[in-house]
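Residue numbers (the working numbering), protein chains in the order written: chain A, 1 to 317; chain B, 318 to 614.
Even glycine gets a Cβ: it sits at the ideal position worked out from N, Cα and C.
Right, dumping it as C-alpha cells:
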C-alpha cells in the first residue's frame with residue numbers, strides 16, 4: 001500500500017509539470033498582456049515597456065517560466081497585478097469558502113444519490129423508479145446557473161426564506177453561524193441537486209447489479225432482514241462506482257461552483273478567477289489553474305486509494 | 318456484430334457491416350425515448366430556423382414604451398428591458414446556440430477520433446506519450462481554459478467552436494484508443510495486413526467503421542455538453558457579443574429582473590436549453606443502448 005502511494009505520487013509529477021507548462025505558456029502567448037490591461041486606452045509604448053520591465057515580462061519566456069517555477073516550489077505564487085496582495089493570500093481567503101460549499105455539497109450529494117439510487121434499484125420498474133428517473137433526467141439537463149436563478153426566485157424573492165446572494169449581510173458587522181448557514185444553503189442546494197441528478201443513475205445501475213448476486217440471495221435465505229440486506233450487504237459493493245466518480249467529478253464540481261458563485265455573488269475561487277480572467281491578472285489566473293489542477297490530480301489519487309479501503313478485493317502492487 | 322470469417326473476404330466487408338449497423342438502428346428506433354428525443358429536437362430546430370420566416374417581428378428594434386411588458390397578444394412572450402419582442406429573440410437565440418453546439422461536437426469528434434486512432438494503432442512510446450498528454454489536459458478544469466481564452470480573444474462563433482472543441486476531444490480520444498487497441502488484435506486486421514493493405518487503409522477502412530458506434534454515442538452527449546457550455550459562457554458575459562441574442566445571454570440578462578418577477582424572461586430561455594439538453598440526452602442514451610452490446614437485451 002505504502003509503495004503504491006509513492007508510485008502514484010511519482011506518476012503524478014509529470015502531470016503536474018504538464019499543467020504548469022500549459023498554464024504558463026498559454027497565458028503568456030496571448031496578445032495584449034497585463035500592461036495593456038492595467039493602463040487601458042491611455043497606454044503608451046514607453047509605459048508598457050516600463051511595466052513589462054517591473055514585472056519581468058521583457059525576459060525570454062523560458063526564463064520567466066524558470067523564475068515562476070522556482071517561486072512555485074517555494075510556495076510563492078507571485079503578486080496579483082491588481083489587488084496589491086500576494087496570490088497566495090487571495091487564494092487563502094477565497095479557497096476555504098469554495099471548499100466549504102463544494103465539500104458540503106459532495107457529502108450531501110453522496111448521501112442523496114446513494115439513498116435515491118438504492119431505493120430506485122430496490123423498487124425497480126415501479127412508479128417510484130420511473131418518477132425518480134424522470135426527475136433526475138430533468139435536473140441533469142438543467143444548467144446550474146438556471147437552477148440557481150429559479151431557487152432564488154422561489155426561496156428568496158417569493159418566500160423570503162434565504163438571502164439571494166453574498167456571504168454576509170453588510171448591515172450586520174458580526175455575522176454568526178446562523179447567517180453563514182443562511183447564505184450558503186441555496187448555493188449548496190444548487191450544487192447538490194445538480195450533482196445528485198448525475199450520480200443517482202450510476203448508483204441505481206450498480207445497486208441493481210449487486211442485488212441479483214448469489215451472496216445477496218444467500219443472505220436473504222438465511223433470514224437476514226431486507227433493510228440489513230440492502231444497507232449492509234449490498235451497499236458496500238455497489239457504492240464503488242460513486243467513489244470513482246468522486247475523483248472525476250472534482251473539475252466539474254469546480255466549474256459548477258464557478259457558476260454558482262457568479263449567480264449567488266458568493267466570493268470564492270470562482271468569482272476570483274472570473275474577475276482575474278476579465279482583468280488579465282496573470283499570476284492569479286495561473287495560481288488558480290495550477291492549484292485546481294493539483295487538486296484534481298490529488299482527487300483522483302484519493303479516489304483510487306479509497307477504492308482499496310472500501311473494496312478489500314483490490315490489491316495494490 | 319459481423320463475424321471474423323465474413324470479414325476475411327474484403328468484398329463482403331461493407332455488406333456485412335451494413336447488415337450489422339442496420340440491426341443496431343432497428344434497436345435504436347424501437348426505443349420510445351429515441352423517438353421523443355428526435356421529434357422534439359426537430360421541432361426545436363424548426364422553431365429556431367423556420368420560425369422567424371413565419372413570425373415577422375424585429376429582434377433588435379427597441380421599444381421603450383413597452384419595456385418589461387408581460388406576455389400579451391402583441392408580445393406572446395412579453396418584452397425585455399429594452400422593449401424587444403422576446404419570442405423572436407428566443408427563436409433567433411436558438412440558432413447560434415444550436416449551430417455552435419453541433420459544430421463544436423463535430424470538430425471535437427474529428428480531432429478525438431484521429432488522435433485516438435493514431436495513438437492506439439501505432440502504439441509503443443508514441444501511445445504512452447500521447448495518452449500522458451491527454452491525462453494532463455484532463456486535469457485542467459476546462460471551464461477555466463475557456464473563460465481565459467474567451468476573455469483574451471474577441472469572441473466569435475468560430476472561436477467558440479474552436480475552443481470548445483479544443484477542451485472536449487480528450488474523452489473521445491481515450492475511448493477510440495481503447496477500442497482500437499482491442500480491435501487491432503482481431504483476425505481480420507491481421508488478414509488485411511497479410512493481403513498487403515497499407516496501415517492507412519487498415520486504419521480508415523477497417524478500424525474506423527468499427528469504432529464509429531461508440532464515437533456516435535459520445536459525440537451525441539458531447540453536443541449536449543457543448544450547448545450547455547455555449548450557454549454558460551454567454552451567461553458569464555464572455556460568449557458572443559450583442560446584439561445577436563442567444564439563450565445563455567438572455568438568461569444572464571433576465572437575472573437583473575429577478576426581483577421584478579419577470580418570469581417571462583427567466584423561464585423561456587431556460588426551458589429552451591433544458592429541452593435541447595433532454596432531447597440530446599435521450600438520443601444519446603438510446604444510441605448507447607443500441608450500440609453497446611453489453612446493454613442490449
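Beta-carbon gap between residue 557 of chain B and residue 571 of chain B smaller than 9 Å: Going by C-beta atoms, residue 557 of chain B is not nearer than 9 Å to residue 571 of chain B.
Cα-Cα separation, residue 364 of chain B to residue 405 of chain B: C-alpha separation (whole angstroms): 10 Å.
Do you know offhand how far residue 601 of chain B's Cα is from residue 411 of chain B's? Between residue 601 of chain B and residue 411 of chain B, the alpha-carbon positions lie close to 20 Å from each other.
Are the C-beta of residue 195 of chain A and some C-beta of chain B separated by less than 9 Å? At least 9 Å separates the CB of residue 195 of chain A from every CB of chain B.
Is the stretch 471-483 of chain B in contact with the stretch 411-424 of chain B, if contact means three or more CB pairs nearer than 8 Å? Contact holds: three or more Cβ-Cβ distances are below 8 Å.
What's the gap between the Cα of residue 471 of chain B and the Cα of residue 91 of chain A? Going from the Cα of residue 471 of chain B to the Cα of residue 91 of chain A covers about 28 Å.
Comparing C-alpha positions only, which one of B/469, B/463, B/492 and B/500 sits nearest to residue 483 of chain B? Cα-wise, what sits closest to residue 483 of chain B is B/463.
From the DSSP output, read off the bridge partner residues of residue 126 of chain A. Answer is none; residue 126 of chain A lacks a bridge partner.
When you compare each of A/28, A/46 and A/83 to residue 61 of chain A by their alpha carbons, which one comes out closest? Restricting attention to A/28, A/46 and A/83, the CA atom closest to the CA of residue 61 of chain A is found in A/28.
So the alpha helix (DSSP H) residue 275 of chain A belongs to, where does it begin and stop? First-last of the alpha helix (DSSP H) with residue 275 of chain A: 269-279.
Relative to the C-alpha of residue 9 of chain A, which residue among A/302, A/307, A/309 and A/306 is closest? Of the candidates A/302, A/307, A/309 and A/306, the one whose C-alpha sits nearest the C-alpha of residue 9 of chain A is A/302.
Express the C-alpha separation of residue 229 of chain A and residue 567 of chain B in angstroms, rounding to a whole number. Each residue's Cα considered, the two are about 50 Å apart.
With which residues is residue 79 of chain A paired in a DSSP beta bridge? Residue 79 of chain A has A/86 as its beta-bridge partners, per DSSP.
Leaving aside the five residues before and after residue 332 of chain B along the sequence, list all residues of the same chain whose C-beta is less than 6 Å from its C-beta, in chain order. Unreliable positioning characterises residue 332 of chain B in this predicted model, as indicated by a pLDDT of 46, which lies under 50. The coordinate reading is nonetheless provided below. Apart from the 5 residues on each side of it in sequence, residue 332 of chain B has no Cβ closer than 6 Å to any other Cβ in its chain.
Give the range of the alpha helix (DSSP H) segment to which residue 574 of chain B is assigned. Residue 574 of chain B -> no alpha helix (DSSP H), and no H or E assigned at all.
Taking the alpha carbon of residue 20 of chain A as the reference point, which residue from A/147, A/294, A/194 and A/300 has its own alpha carbon closest? Here the closest residue by C-alpha is A/294.
Classification of residue 153 of chain A by the beta-carbon crowding that lies within 10 angstroms, buried from 16 upward: So residue 153 of chain A counts as buried.
Alpha-carbon to alpha-carbon, residue 232 of chain A and residue 224 of chain A: Distance between the alpha carbons of residue 224 of chain A and residue 232 of chain A is about 10 Å.
Short CB-CB distance (under 9 Å) between residue 146 of chain A and chain B: At least one beta carbon of chain B lies nearer than 9 Å to the beta carbon of residue 146 of chain A.
As assigned by DSSP and simplified to three states, the class of residue 300 of chain A: Correct three-state label for residue 300 of chain A: helix.
Within the continuous alpha helix (DSSP H) that includes residue 364 of chain B, where are the two ends? For residue 364 of chain B, the enclosing alpha helix (DSSP H) begins and ends at 349-366.
Rank B/524, B/460, B/609 and B/504 by C-alpha distance to the C-alpha of residue 552 of chain B and give the top, closest one. Residue B/460 is the option with its Cα nearest to residue 552 of chain B.
Nearest residue (CA-CA) to residue 440 of chain B, options B/454, B/497, B/429 and B/428: Ranked by how close their Cα comes to the Cα of residue 440 of chain B, the residues B/454, B/497, B/429 and B/428 have B/497 in first place.
Since residue 190 of chain A and residue 151 of chain A should fall inside the 8 Å C-beta cutoff, what is the C-beta to C-beta distance between them, to a whole number of angstroms? Between residue 190 of chain A and residue 151 of chain A, the beta carbon gap of about 6 Å places them in contact (Cβ cut-off 8 Å).
Tell me whether the beta-carbon of residue 246 of chain A lies closer than 9 Å to the beta-carbon of residue 206 of chain A. Contact: no.
In chain A, which residues lie less than 8 Å from residue 615 of chain B when you measure between Cβ atoms? Outside the shown range of chain B (318 to 614) lies residue 615 of chain B, about which nothing can therefore be said.
Can you tell me whether residue 493 of chain B is buried or exposed, with buried defined as 16 or more other CB within 10 angstroms of its CB? The residue in question, residue 493 of chain B, is buried, as its Cβ has 16 or more Cβ neighbours within 10 Å.
May I ask you to report which of helix, strand or coil DSSP gives residue 332 of chain B? Because residue 332 of chain B sits at a pLDDT of 46, beneath the cut-off of 50, its placement in the model cannot be relied upon, and the following sentence gives the value as read from the coordinates. Helix at residue 332 of chain B.
Measure the beta-carbon distance from residue 474 of chain B to residue 417 of chain B and round it to whole angstroms, keeping in mind my assumption that it falls under 8 Å. At roughly 6 Å, the Cβ-Cβ gap stays under 8 Å, so residue 474 of chain B and residue 417 of chain B are in contact.
Proximity of residue 516 of chain B and residue 438 of chain B at Cβ, strictly below 9 Å: A contact, by the Cβ cut-off of 9 Å.
6 Å CB neighbourhood of residue 12 of chain A in its chain, flanking five on each side removed: Once the five neighbours on either side are set aside, the close Cβ partners of residue 12 of chain A are 297.
May I ask you to list the residues that DSSP assigns as paired with residue 402 of chain B? Paired residues: B/396.
If residue 486 of chain B sits next to residue 535 of chain B, beta carbons under 8 Å apart, how far is it from one beta carbon to the other, in whole angstroms? Not a contact, Cβ separation roughly 10 Å.
Partners in chain A for residue 456 of chain B, counting only beta-carbon separations shorter than 7 Å: Close partners of residue 456 of chain B in chain A (Cβ separation under 7 Å): 15, 19, 293, 296 and 297.
Can you give the beta carbon distance from residue 144 of chain A to residue 259 of chain A, rounded, assuming they're within the 8 Å contact cut? Taking a contact as a CB-CB distance under 8 Å, the pair residue 144 of chain A and residue 259 of chain A counts as one, their CB atoms being some 4 Å apart.
Would you kindly work out how many angstroms separate the C-alpha atoms of residue 351 of chain B and residue 71 of chain A, rounded to a whole number? When rounded, the distance between both Cα atoms is 55 Å.
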